[in-house]
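A.B. asks:
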Amino acid sequence: FYNWRAAKLFQMLLGEAAEWIESSSDGSVGFELIAMCNLLN
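Residue 9 in this note's numbering sits at position 9 of the sequence shown; the count goes up by one each step and never skips.
#1: How big is the Cα-Cα spacing for F1 and A7?
#2: On the three-state DSSP scale, how would you describe F38?
#3: Going by C-alpha to C-alpha distance, which of W20, E19 and G15 sits closest to L39?
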C-alpha cells in the first residue's frame with residue numbers, strides 16, 4: 001500500500017470480516033483471512 005492509513009484500515013476491515021465469518025460459519029474461511037492479515041503485518 002502507498003498509504004499507511006489505508007493499509008491499517010484494510011487490516012482492520014480484514015480483521016472484522018474474519019471475526020464475522022468465524023462466528024457465522026465453521027471458521028475455516030475466517031482462519032484463512034486471519035492468515036492473510038498476518039502476512040500483511
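The beta-carbon is built from N, C-alpha and C at its ideal position, and this holds for glycine as well.
C.D. replies: On the basis of the coordinates in this document:
#1: Residue placement at F1 is poorly supported in this model, since its pLDDT is 49, which falls under 50; the coordinates are not used for a value here.
#2: Note that residue 38 is Asn in the sequence shown here, rather than Phe. The three-state secondary structure of N38, taken from DSSP, is helix.
#3: Cα-wise, what sits closest to L39 is G15.
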